[in-house]
Structures are given as C-alpha cells and as structure tokens.
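Participant: Residue numbering for the sequence shown is 1 to 196, as defined by UniProt numbering.
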Amino acid sequence: MSLPLFPLNAVLFPGCVLDLQIFEARYLDMIGRCMKQGEGFGVVCITEGSETGEVPDGFSMIGCEARVTDFEKQDNGLLGIRVVGARRFRVKDYSTQRDNLLIGEVEWLDDPQEQPLQEEDDDLVALLAALAEHPMVAALNMGLTASGQHSLANQLAYLLPFAEEDKIELLEIEDAEERLDAIQDLLDEMQGDMQA
C-alpha cells in the first residue's frame with residue numbers, strides 16, 4: 001500500500017489530535033490530494049535532519065496515519081490543518097518524488113481490541129484528567145477520556161513530554177498493558193531525574 005509520508009519532529013498516536021501549519025508546495029499538494037480522495041497520509045518522526053527543505057536523513061519506520069478533520073487559512077496566510085491519528089503502519093520501503101515528497105510502501109499494523117481499564121490504571125487515568133486541564137491540551141479538543149487501556153496508553157504516550165525516541169518505542173508496542181507499564185517506567189525515570 002502506497003502512502004505519502006510527512007516527516008515531523010513529533011510522534012502521532014491513534015485517536016490523538018495534531019495541528020499543523022502547511023507552507024511547502026509538496027505538502028500543500030499532498031493535503032489537497034488527500035482531502036479530494038478522502039484519504040490520509042502517514043506521519044513519521046524525524047530521527048535525523050529537519051522538517052523543512054530536503055528529505056530528512058533519518059526517520060522512524062513506524063508511524064501513524066493522519067486524517068484531516070479541519071482546515072483553515074491562518075492569519076499569517078499559511079494553511080492550518082487539524083488531523084487525528086488513525087491506523088499505525090510500518091514502512092517497508094520508500095521513494096522520493098521529484099518534488100521531494102516521500103512515498104512509503106507501508107503495511108498496516110493490527111490495533112488490538114480495547115481492553116477495559118483496571119484498578120491499577122487509576123493513577124494514570126488521574127494523570128490524564130490532570131493533563132486535560134492544561135490550556136494547550138484543552139485547545140486540541142481531544143475529548144480526553146480513556147475508554148479503555150488502549151486509548152489511555154495512546155493519549156498519555158502522545159501528551160507526556162517524553163523524548164521522541166521513547167515515543168517511537170511506545171508506538172511500536174502492540175499490547176496496551178505493556179505500553180502502560182512502559183509509560184509508568186518512563187514516568188518513574190522522569191521523577192527520579194527531578195529528585196536527583
């Protein structure tokens with residue numbers, strides 16, 4: 001399956017909302033095509049290089065499909081779009097078009113069935129509720145309520161200030177409980193660093 005790729009300094013997770021400003025011709029064309037055809041594009045995290053200009057030297061081989069839910073012309077004249085994360089995918093191969101747009105050959109990854117929240121998830125559910133109060137998070141209108149372990153893990157992995165490499169690893173984890181455990185480990189590490 002061919003999917004246009006948008007390398008960013010961010011990791012998108014299923015069910016999560018991302019606001020983007022589009023100004024490069026290759027991405028304006030890509031967004032136009034996606035919206036006409038009712039299709040998404042792939043967000044992959046840059047591991048080496050920058051977001052603008054040339055194709056980055058390195059990017060994650062796991063990503064998340066982005067579907068445009070809203071768009072508007074910004075005050076600065078740029079196109080602003082809001083996307084929501086859909087399916088996860090793995091990049092098997094990729095090529096670069098003449099306009100420097102990356103096209104990935106991807107395979108979709110199965111998203112596991114939603115698992116009900118457990119008692120041991122209470123602290124993480126409370127953390128998500130606290131994050132929802134933050135003005136920047138509230139502005140995303142993500143409707144932060146965890147319907148189960150899977151959505152809780154996706155939202156926390158997306159919103160917490162973990163390093164991009166850690167977020168890529170979290171996106172790779174299929175099992176929701178395992179992902180929640182990994183999030184808890186990262187939180188414990190952060191707390192340890194703050195107390196050191």
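Heads up, the beta-carbon is just placed ideally off N, CA and C, and yes, glycines get one too.
Indicate whether A176 and Q155 have their beta-carbon atoms separated by less than 8 Å.
Facilitator: Sequence index remark: in the sequence shown, residue 176 carries index 176 (1-based). Sequence index remark: in the sequence shown, residue 155 carries index 155 (1-based). No, they are not a contact pair.
Participant: Could you check what DSSP says for P56 in three-state terms: helix, strand or coil?
Facilitator: Position 56 of the sequence shown, counted from the start, is the residue given in the question as residue 56. Note: P56 maps to coil in three-state DSSP.
Participant: Can you say whether T30 is buried or exposed, counting buried as having 16 or more other CB atoms within 10 angstroms of its CB?
Facilitator: Reading the sequence shown from its first residue, position 30 is the one you call residue 30. The question names Thr, but residue 30 is Met in the sequence shown. The residue in question, M30, is buried, as its Cβ has 16 or more Cβ neighbours within 10 Å.
Participant: Out of E164, C45, L160 and V55, which has the shortest C-alpha to C-alpha gap to Q191?
Facilitator: The sequence position of residue 191 within the sequence shown is 191, counting from 1. Per the Cα distances, L160.
Participant: What are the partner residues of L102, as DSSP defines its beta bridges?
Facilitator: If you number the sequence shown from 1, residue 102 lands on position 102. DSSP output for L102 lists L5 and T96 as bridge partner(s).
Participant: Alpha carbon to alpha carbon, how far is A163 from E169?
Facilitator: If you number the sequence shown from 1, residue 163 lands on position 163. If you number the sequence shown from 1, residue 169 lands on position 169. One C-alpha to the other measures close to 10 Å.
Participant: Say yes only if the C-beta of E65 is nearer than 7 Å to one or more non-hydrogen atoms of the ligand ADP, and no if none qualify.
Facilitator: Absence of the ligand ADP from the depicted structure is noted, as is the absence of any ligand whatsoever, leaving it without description.
Participant: Between which two residues does the alpha helix (DSSP H) holding C34 run?
Facilitator: Numbered from its first residue, the sequence shown carries residue 34 at position 34. A25 to Q37 is the span of the alpha helix (DSSP H), which, as asked, contains C34.
Participant: If we count the other Cβ atoms within 10 Å of its Cβ and call it buried at 16 or more, is F23 buried or exposed?
Facilitator: Indexing the sequence shown from 1 puts residue 23 at position 23. Burial call: exposed.
Participant: Tell me, to the nearest whole angstrom, how far the beta carbon of V84 is from that of R67; I am working on the premise that it is less than 8 Å.
Facilitator: Taking the first residue of the sequence shown as 1, we reach residue 84 at position 84. Taking the first residue of the sequence shown as 1, we reach residue 67 at position 67. Right, the Cβ-Cβ distance comes to about 6 Å (below 8 Å), so this counts as a contact.
Participant: How far does the alpha helix (DSSP H) with L171 in it reach, from first residue to last?
Facilitator: Start at 1 with the first residue of the sequence shown, and residue 171 comes out as number 171. Counting along the chain, the alpha helix (DSSP H) containing L171 begins and ends at E164 to E172.
Participant: Buried or exposed: which applies to L78, given that a residue is buried once 16 or more other Cβ atoms fall within 10 Å of its Cβ?
Facilitator: As a working mapping, residue 78 is identified with position 78 in the sequence shown. Burial call: exposed.
Participant: For H185, name the three-state secondary structure that DSSP assigns.
Facilitator: For the purposes of this step, residue 185 is taken as the residue at position 185 of the sequence shown. A quick correction: the sequence has Asp, not His, at residue 185. Looking at D185 - three-state DSSP - the assignment turns out to be helix.
Participant: To which residues does DSSP link E72 through a beta bridge?
Facilitator: The residue labelled residue 72 in the question sits at position 72 within the sequence shown. Answer is G80.
Participant: Less than 8 Å between the CB atoms is what I'm expecting for G40 and C34, so what's the real figure, rounded?
Facilitator: Sequence index remark: in the sequence shown, residue 40 carries index 40 (1-based). Sequence index remark: in the sequence shown, residue 34 carries index 34 (1-based). That pair is a contact at about 6 Å.
Participant: Return the CA-CA distance between A86 and P14, expressed in angstroms with no decimal places.
Facilitator: Position 86 of the sequence shown, counted from the start, is the residue given in the question as residue 86. Position 14 of the sequence shown, counted from the start, is the residue given in the question as residue 14. Distance between the alpha carbons of A86 and P14: 5 Å.
Participant: CB-CB under 6 Å to L131, same chain, minus the five flanking residues each way: which ones, in chain order?
Facilitator: Working through the sequence shown from its first residue, we reach residue 131 at position 131. V137 and L159, listed in sequence order.
Participant: Please report the residue range of the alpha helix (DSSP H) in which V125 lies.
Facilitator: Locating residue 125 in the sequence shown gives position 125, counting from the first residue. V125 -> alpha helix (DSSP H) spans D122 to A132.
Participant: Return the bridge partner residues of Q21 from the DSSP annotation.
Facilitator: Start at 1 with the first residue of the sequence shown, and residue 21 comes out as number 21. Bridge partners of Q21: G80.
Participant: Which residue's Cα is closest to the Cα of L3: S50, K92 and L152?
Facilitator: By 1-based counting over the sequence shown, the position of residue 3 is 3. Nearest option by C-alpha distance: K92.
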